[in-house]
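Engineer:
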Amino acid sequence: MSDIENRRPGASAQSDTVKLVYLLNFASFIVGITALIGVVIAYLKRGDADALAASHYTFQIRTFWMSVLYVAIGTITSFLLIGFLILFAWLIWAIIRNVKGFIAIGEGRAMDDVNTWLW
100 MSDIENRRPG ASAQSDTVKL VYLLNFASFI VGITALIGVV IAYLKRGDAD ALAASHYTFQ
160 IRTFWMSVLY VAIGTITSFL LIGFLILFAW LIWAIIRNVK GFIAIGEGRA MDDVNTWLW
C-alpha cells in the first residue's frame, strides 16, 4: 500500500493546520500579530491532535513563548547595544526552528525533541 492509502482521514487536515501555524509564524517576522494567532490555533488544536500533530503544536507553542522571552530581553537591553545582537540571534534561531518544523511536517515526521531550547 502506498503512503497515501495508509493515512488516516483526519491526518491531512491536521497536517495542513500545522503547516498553517508555521506559515503564520513566518509571517510574524513582517506582521507580528500573526504569531499570536498561530499560538492560539496551536493551543486550541493540540488537545484533539494525533501524536504527530501534537508534537508540532507543542514545538510551536514553545517557540512562541521562548520568542517572547528573547525579544523582551533583546528589547530591554537594546539601549546597551547588545540587545540588537540578541534580537538578531533570535531572528536566526526562530527562522531555523520554523524551517526545521515545516520540513518535518512536510515529510510526515514528528518533532524529535519538543522541549529543546535550541533547534
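The sequence shown begins at 100 in my numbering and counts up by one.
C-beta atoms are modelled at their ideal positions from N, C-alpha and C, and glycine is treated no differently.
Return the chain-ordered ranges of every alpha helix (DSSP H) run that is complete within the region 124–153 and spans a minimum of 4 residues.
Structural biologist: Counting only runs of 4 or more, we get 132–145.
Engineer: Could you check if G146 is buried or exposed, using at least 16 other CB atoms within 10 Å of its CB as the buried criterion?
Structural biologist: Answer is exposed; the Cβ neighbour count stays below 16.
Engineer: Closer than 8 Å by C-beta to L123: which residues in its own chain qualify, once you throw out the five before and the five after it? Chain order, please.
Structural biologist: So the list reads T133, A134, I136, G137 and I140, once near-sequence residues are dropped.
Engineer: Helix, strand or coil for W216? Go by DSSP, reduced to three states.
Structural biologist: Note: W216 maps to coil in three-state DSSP.
Engineer: Note the first and the last residue of the continuous alpha helix (DSSP H) segment covering L186.
Structural biologist: Residues I181 to G205.
Engineer: Let me know the secondary structure DSSP gives M210 once reduced to three states.
Structural biologist: Here M210 sits in coil by DSSP.
Engineer: Can you tell me whether K118 is helix, strand or coil according to DSSP?
Structural biologist: Helix, per DSSP.
Engineer: Note down, in chain order, each residue of its chain lying with its Cβ closer than 7 Å to the Cβ of A126, except the 5 sequence neighbours on either side.
Structural biologist: So the qualifying residues of the chain are T133.
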